[in-house]
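S.K.: With the UniProt record's numbering, letter number 376 in the sequence shown gets 376, and the count goes up by one each step, no holes. Handing you this structure, nothing more for now.
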Amino acid sequence: MRGPADAAFPALKRLVIARTGHAYYEEKDAALWERLRRRILASGAGDAANYLSLLERDEAEWNALEAEVTIGETFFFRDAAQFDALRDTILPALIAHRAAERRLRIWSAGCSSGAEAYSVAILLRRLLGEAHRNWRISILGTDINERALATARAACFSPWALRGMTAADRDRDFLPAEGGRSWQLRPEHRTTARFERGNLLDLLTNSLPAGMAGFDLILCRNVLIYLARAQVSAIVRALGGRLAQQGWMLLGHSEPDPAFSGFLRPVSLPGTIAWRPLAATPPGARPQAPPLPTPAAAMPVPRPASWPTPRPAPARTWAPGPPPLVAPPPAALPGPSAGVTALAKRPAAAALDRARAEADSGALESARATLREALREHPTTAALHHLDGLVARALGDPAAAEAALRRALYLDSAFVAAHYHLGLLLLDRGAAGAARRSIANAGRLAGALSGETPLEEGDGMTAETLLALTRRHLAEDPG
Numbered sequence: 001m002r003g004p005a006d007a008a009f010p011a012l013k014r015l016v017i018a019r020t021g022h023a024y025y026e027e028k029d030a031a032l033w034e035r036l037r038r039r040i041l042a043s044g045a046g047d048a049a050n051y052l053s054l055l056e057r058d059e060a061e062w063n064a065l066e067a068e069v070t071i072g073e074t075f076f077f078r079d080a081a082q083f084d085a086l087r088d089t090i091l092p093a094l095i096a097h098r099a100a101e102r103r104l105r106i107w108s109a110g111c112s113s114g115a116e117a118y119s120v121a122i123l124l125r126r127l128l129g130e131a132h133r134n135w136r137i138s139i140l141g142t143d144i145n146e147r148a149l150a151t152a153r154a155a156c157f158s159p160w161a162l163r164g165m166t167a168a169d170r171d172r173d174f175l176p177a178e179g180g181r182s183w184q185l186r187p188e189h190r191t192t193a194r195f196e197r198g199n200l201l202d203l204l205t206n207s208l209p210a211g212m213a214g215f216d217l218i219l220c221r222n223v224l225i226y227l228a229r230a231q232v233s234a235i236v237r238a239l240g241g242r243l244a245q246q247g248w249m250l251l252g253h254s255e256p257d258p259a260f261s262g263f264l265r266p267v268s269l270p271g272t273i274a275w276r277p278l279a280a281t282p283p284g285a286r287p288q289a290p291p292l293p294t295p296a297a298a299m300p301v302p303r304p305a306s307w308p309t310p311r312p313a314p315a316r317t318w319a320p321g322p323p324p325l326v327a328p329p330p331a332a333l334p335g336p337s338a339g340v341t342a343l344a345k346r347p348a349a350a351a352l353d354r355a356r357a358e359a360d361s362g363a364l365e366s367a368r369a370t371l372r373e374a375l376r377e378h379p380t381t382a383a384l385h386h387l388d389g390l391v392a393r394a395l396g397d398p399a400a401a402e403a404a405l406r407r408a409l410y411l412d413s414a415f416v417a418a419h420y421h422l423g424l425l426l427l428d429r430g431a432a433g434a435a436r437r438s439i440a441n442a443g444r445l446a447g448a449l450s451g452e453t454p455l456e457e458g459d460g461m462t463a464e465t466l467l468a469l470t471r472r473h474l475a476e477d478p479g
C-alpha cells in the first residue's frame with residue numbers, strides 16, 4: 001500500500017475535504033493518510049484508487065471514513081469561562097425571557113460525543129432546580145461522525161471525557177460503570193438531549209430541515225477551526241439566521257472574526273464573547289467590532305436563587321512564592337535545552353495528535369502505548385510528558401501521572417497547563433500545600449500573558465480562562 005505519493009491520493013483528499021469541510025487536512029497529508037489507511041485496510045480495498053471507487057458506491061463506508069477523519073476532541077464543561085458565561089448570564093437571560101412559555105431550544109452543532117450538549121443539560125437542571133420538570137427543554141446535538149453520535153446516545157464516558165469535572169461533580173452527575181472504568185450519565189440528564197447526523201456544510205446549501213430554526217442558544221465551539229476560512233463566515237451567518245430573535249450563540253475562543261459583527265451583535269462577557277442577532281440590539285444601538293475577551297461587566301440578569309453566590313476572587317496580584325515545583329531530572333532524561341526541545345516538538349507532533357485522538361475516543365490504553373513509543377524517540381518533548389500525565393490520571397494511576405507532569409515541568413518550567421494539572425492532581429492526592437503552590441505558579445505565569453493568548457496543550461483555554469480558574473481554586477482554599 002502506497003502513502004500520499006499514491007497517484008489516487010490527491011483525488012481522494014479533495015473528495016474527503018469537499019464532503020466533510022475539513023480543510024484542516026489541506027497541509028496534513030501524513031495525518032490524513034494515516035486515517036485513510038486504516039479504512040483502506042479495514043474495507044479490503046487494497047489501495048487508494050480502489051478505495052476511491054468504493055466510496056463512490058458505498059454510503060456506509062463514507063460514514064465509517066467520516067468517523068475516522070473527524071477530529072473529536074471534547075470533554076465535559078470544556079472552557080470554564082464560557083460555561084461561567086452560560087451559568088451567570090446567558091441561560092438566566094433565556095430562562096427569564098421564556099418564563100411564560102417555559103420552553104428552551106438549544107443546538108450543539110458539531111457535538112462530537114455529546115459532552116457539550118450534556119454539560120448544558122446538567123447546568124440547566126442545576127439552575128432550574130425543581131422547576132425543571134415544568135419546562136420543555138430540547139437540546140439537539142448534530143455531527144457527521146456516526147461513531148461519536150453512538151457514544152453520545154449511550155451516554156457512557158471514559159474518565160478522560162470527565163477530566164474537566166471535580167470528583168464531587170462527577171459523583172453527583174454520573175454513575176460508575178464497567179467496574180469504574182467508565183461513567184454513565186445519570187438518567188435525569190439524558191431526557192432533554194437527542195443526537196442526529198448533520199453536516200455544517202448543509203447550512204451553505206440551505207438543505208437543513210425547516211424546523212431547525214428559532215433556537216434560543218446555538219453552540220458551535222472548536223469546529224470552525226477545521227473548516228476552510230472562506231466558508232466560515234457564511235456558516236456563522238447561516239447559524240445566526242437559525243437563532244430566535246433574543247437568542248445567543250457561542251463560538252470557540254479562537255474562532256471569532258470582526259467580520260461577524262456585520263450580521264451579528266457581539267456581547268462582551270467575562271472571559272469570552274457571545275453573539276446575538278442584530279434584531280436583539282436595543283433601538284439606536286450600533287453593532288460593535290468584538291473586543292478582546294477580557295473581563296467586562298456582564299448583563300444585569302438576576303442570578304437564580306438556587307445558584308450559590310461565589311466567593312469574591314482575589315485581586316490579580318500574586319505574592320512572591322517558591323519557584324515552580326519540579327522534580328529533579330530523572331537519570332534517564334536528558335537535560336533541558338531550548339534548541340533540542342524545539343526541534344523535538346516537530347517530529348513528535350504527529351504522535352501527539354494520534355495519542356490525543358485515541359484518548360478522546362476513549363482508547364486510553366492505546367494512547368498510553370502511543371505516548372510510550374513516542375517518548376522513546378522524543379524524550380525531551382514536554383507536551384508528550386504532559387499528555388502522558390493526563391492519560392495516566394484518567395487511567396487511575398496518580399503516581400505515574402505526577403511523575404509525568406513533573407518531567408514536563410523539568411523540561412519546560414513555564415508550561416502553564418502542566419503546573420495547573422499538577423495542582424489538580426495534588427489536590428486529589430490530599431497534598432493541599434503543594435497543590436496550592438502549583439496552582440499559584442500556573443496563575444503567575446498566565447497573569448504575565450495577554451488574556452486572549454491560547455495556552456499550549458490547554459484544551460482551548462486562554463490565559464484569562466486559566467487565570468480565572470486559579471483564582472477560584474485559591475479563593476476556595478485560602479491556605
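In this text, a Cβ means the ideal position worked out from N, Cα and C, and glycines have one as well.
Pull up the distance between the alpha-carbon of T20 and that of L201, whole angstroms please.
M.R.: For the purposes of this step, residue 20 is taken as residue 20 along the sequence shown, with counting starting at 1. For the purposes of this step, residue 201 is taken as residue 201 along the sequence shown, with counting starting at 1. Cα to Cα, the separation comes out at about 8 Å.
S.K.: Within 8 Å, do at least three Cβ pairs link the region 195-210 to the region 158-176?
M.R.: The region 158-176 vs the region 195-210: no contact.
S.K.: Where does A161 land, buried or exposed, given buried means 16+ other C-beta within 10 angstroms?
M.R.: Locating residue 161 in the sequence shown gives position 161, counting from the first residue. Classification of A161: buried, given that the 10 Å Cβ count is 16 or more.
S.K.: Which word fits P176, buried or exposed, when buried means at least 16 other C-beta atoms lie within 10 angstroms of its C-beta?
M.R.: Counted from its first residue, the sequence shown places residue 176 at position 176. Result: exposed.
S.K.: Between the beta-carbon of L251 and the beta-carbon of L224, is there less than 8 Å?
M.R.: Mapped onto the sequence shown, residue 251 falls at position 251. Mapped onto the sequence shown, residue 224 falls at position 224. Against a cut-off of 8 Å, the Cβ pair of L224 and L251 comes out as a contact.
S.K.: Is L65 closer than 8 Å to R39 when the C-beta atoms are compared?
M.R.: Here the question's residue 39 lines up with position 39 in the sequence shown. Here the question's residue 65 lines up with position 65 in the sequence shown. Yes. Within cutoff.
S.K.: Just reading off the alpha helix (DSSP H) that W33 is part of, what are its end residues?
M.R.: Here residue 33 refers to the residue found at position 33 of the sequence shown. Looking at the DSSP string, the run of the alpha helix (DSSP H) that includes W33 is D29 to S43.
S.K.: Please identify the residue among D459, W33 and R57 whose C-alpha is closest to the C-alpha of A48.
M.R.: Here residue 48 refers to the residue found at position 48 of the sequence shown. Checked all of D459, W33 and R57; the closest Cα to A48 is W33.
S.K.: For L264, which of V236, P270, G271 and H253 has the nearest alpha-carbon?
M.R.: Numbered from its first residue, the sequence shown carries residue 264 at position 264. If we check each option's Cα against that of L264, V236 comes out closest.
S.K.: Measure the Cβ-Cβ separation of G241 and R105 and say whether it is below 8 Å.
M.R.: As a first step, residue 241 must be located in the sequence shown, where it is residue number 241. As a first step, residue 105 must be located in the sequence shown, where it is residue number 105. In this structure, R105 does not lie closer than 8 Å to G241 by Cβ.
S.K.: Tell me whether the region 462-476 and the region 424-440 touch, counting them as touching only if at least three CB pairs, one residue from each stretch, are closer than 8 Å.
M.R.: With a cut-off of 8 Å, the region 424-440 and the region 462-476 count as touching, because enough Cβ pairs lie within range.
S.K.: Taking all protein chains shown into account, do 16 or more other C-beta atoms lie within 10 angstroms of the C-beta of S112, making it buried, or fewer, making it exposed?
M.R.: By one-based count along the sequence shown, residue 112 stands at place 112. Label assigned to S112: buried.
S.K.: From A115 to F157, what does the alpha carbon distance come to, in whole angstroms?
M.R.: Mapped onto the sequence shown, residue 115 falls at position 115. Mapped onto the sequence shown, residue 157 falls at position 157. Whole-angstrom Cα-Cα distance: 9 Å.
S.K.: When you compare only the Cα positions, how much space is there between V16 and L55?
M.R.: If you number the sequence shown from 1, residue 16 lands on position 16. If you number the sequence shown from 1, residue 55 lands on position 55. One C-alpha to the other measures close to 10 Å.
S.K.: Assuming I225 is part of the beta strand (DSSP E), what are its boundary residues?
M.R.: Residue 225 sits at position 225 when you count from the first residue of the sequence shown. Looking at the DSSP string, I225 is not in any beta strand (DSSP E), and its letter there is neither H nor E.
S.K.: For A109, which beta-bridge partners are listed by DSSP?
M.R.: Along the sequence shown, read from residue 1 onward, the residue named residue 109 stands at position 109. In DSSP, A109 forms a bridge with T142.
S.K.: Could you tell me which uninterrupted alpha helix (DSSP H) segments, each at least 4 residues in length, are contained entirely in the region 142-211, listed from first to last along the chain?
M.R.: Taking only runs of at least 4 residues, the alpha helix (DSSP H) segments lying wholly in the region 142-211 are 146-154 and 167-173.
S.K.: What does the Cβ neighbour count give for G179, buried or exposed, with the cut at 16 atoms within 10 Å?
M.R.: Indexing the sequence shown from 1 puts residue 179 at position 179. Answer is exposed; the Cβ neighbour count stays below 16.
S.K.: Please identify the residue among A81, R126, N222 and E59 whose C-alpha is closest to the C-alpha of E146.
M.R.: In the sequence shown, residue 146 corresponds to position 146, counting from 1. With distances taken between Cα atoms, E146 lies closest to E59.
S.K.: DSSP on F77, reduced to helix/strand/coil?
M.R.: Here residue 77 refers to the residue found at position 77 when the sequence shown is read from its first residue. Coil.
S.K.: Under a three-way DSSP split, which group does G447 fall into?
M.R.: In the sequence shown, residue 447 corresponds to position 447, counting from 1. The answer is helix: DSSP assigns G447 an H, G or I state.
S.K.: For R406 and A350, I'd like the C-alpha separation in whole angstroms.
M.R.: Counting from one through the sequence shown, the residue named residue 406 turns up at place 406. Counting from one through the sequence shown, the residue named residue 350 turns up at place 350. Approximately 23 Å between the Cα atoms of the pair.
S.K.: How big is the Cα-Cα spacing for A30 and D459?
M.R.: Along the sequence shown, read from residue 1 onward, the residue named residue 30 stands at position 30. Along the sequence shown, read from residue 1 onward, the residue named residue 459 stands at position 459. Using only the alpha carbons, I get a separation of about 23 Å.
S.K.: Keeping to the same chain, check which residues put their C-beta closer than 6 Å to that of M461; ignore five residues upstream and five downstream.
M.R.: To locate residue 461, count along the sequence shown from 1; it is residue 461. L455, listed in sequence order.
S.K.: Just to confirm, are A348 and T370 a CB contact at a threshold of 8 Å?
M.R.: Your numbering for residue 348 matches position 348 in the sequence shown. Your numbering for residue 370 matches position 370 in the sequence shown. Not a contact, by the Cβ cut-off of 8 Å.
S.K.: Would the region 419-435 and the region 132-152 be scored as touching if the rule is three or more Cβ pairs under 8 Å?
M.R.: Contact between the region 419-435 and the region 132-152 is absent, because fewer than three Cβ pairs lie under 8 Å.
S.K.: Helix or strand or just coil, what does DSSP make of G247?
M.R.: Counting from 1 along the sequence shown, the entry for residue 247 is found at position 247. Note: G247 maps to strand in three-state DSSP.
S.K.: If I follow the unbroken alpha helix (DSSP H) through I122, where does it start and stop?
M.R.: If you number the sequence shown from 1, residue 122 lands on position 122. Taken as a continuous stretch (DSSP letters only), the alpha helix (DSSP H) holding I122 covers A115 to L128.
S.K.: List the DSSP bridge partners of F215.
M.R.: Residue numbering aside, residue 215 sits at position 215 when the sequence shown is read from its first letter. BP columns for F215 point to L243.
S.K.: I273: which of A85, A355 and A7 sits nearest, CA to CA?
M.R.: Stepping through the sequence shown from its first residue, residue 273 is reached at position 273. For the residues A85, A355 and A7, the minimum Cα distance to I273 belongs to A85.
S.K.: Who pairs with T272 in a beta bridge, going by DSSP?
M.R.: Sequence index remark: in the sequence shown, residue 272 carries index 272 (1-based). Partner(s): L269.
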